[in-house]
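In case it helps, the numbering used here puts the sequence shown at residues 2 to 188.
Glycine included, each C-beta is placed from N, C-alpha and C at the ideal position.
Take a look at the structure below.
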Amino acid sequence: MKTQFDIEKVFEAGKLKNELEYERALIADRKLRVLCKENARLKPLRKQLRDLIEKYEDKNWSSSTIDDVQIKESDIAELIAEKERQFVFQRKGLIKAKLKKFALNQQDLMTLLGHKSKTHMSELINGIVPFTINDLIVINRLLKIELSKLVPTTISQKRRIQIRKSIQVIGTTKIKLSADDFDLVLS
């Protein structure tokens with residue numbers, strides 16, 4: 002399941018597939034705008050992403066027949082993408098604080114994780130590309146950050162619909178999905 006934006010996968014696909022990818026791309030574009038000031042090598046990446054955003058908008062939002070369903074889908078996607086952005090921001094703060102506590106820097110973390118590129122490490126820290134599970138386990142073990150603070154737990158809209166149907170089939174009222182946090186809630 003995709004719970005984080007992966008710019009490399011979007012570029013492989015050559016397009017933004019849905020509203021959630023679109024909202025994630027908008028957030029990544031804002032992050033890249035700032036990162037480009039620090040690293041000019043990211044400018045072509047941002048240009049490529051902006052081209053995909055523009056294509057998506059031309060295809061999906063230029064029509065005068067935008068309906069309520071499309072707007073609702075956009076609102077949900079925007080909310081999910083914003084929760085993911087907040088999660089990545091908090092995770093970045095936790096990682097940086099722990100690095101500081103251990104007198105390490107981002108380049109040291111890059112070495113510990115076995116990565117070779119400062120640019121790639123910056124993309125990981127800033128949520129432009131997702132950490133691997135192995136990266137997160139190493140960060141958990143070395144920096145002593147809880148996995149729940151490192152691994153996003155957002156459930157996709159499609160999966161939430163499947164779960165709601167399954168809950169109805171099972172016939173239980175003891176578990177449900179909360180619209181507030183998009184996570185499974187046990188009651």
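By the neighbour-count criterion, in which a residue is buried when 16 or more other Cβ atoms sit within 10 angstroms of its Cβ, ALA26 is buried.
For THR120, the uninterrupted alpha helix (DSSP H) segment begins and ends at 119-126.
Between LYS166 and GLY172, the alpha-carbon positions lie close to 10 angstroms from each other. Every alpha helix (DSSP H) stretch that sits fully inside the region 76-148 and reaches 4 residues is listed by chain position as 107-114, 119-126, 134-144. In the three-state reduction of the DSSP assignment, ASN61 falls in the helix class, which pools H, G and I. Around the beta carbon of VAL89, 16 or more other beta carbons lie within 10 angstroms, which makes this residue buried. Following the DSSP letters along the chain, one finds ILE8 inside the alpha helix (DSSP H) bounded by residues 8-14. Note that the C-beta distance between ILE28 and ARG92 is not below 8 angstroms. With a cut-off of 8 angstroms on Cβ pairs, the region 99-110 is in contact with the region 129-146, counting three or more such pairs. Only buried fits ARG47, as 16 or more other CB atoms lie within 10 angstroms of its CB.
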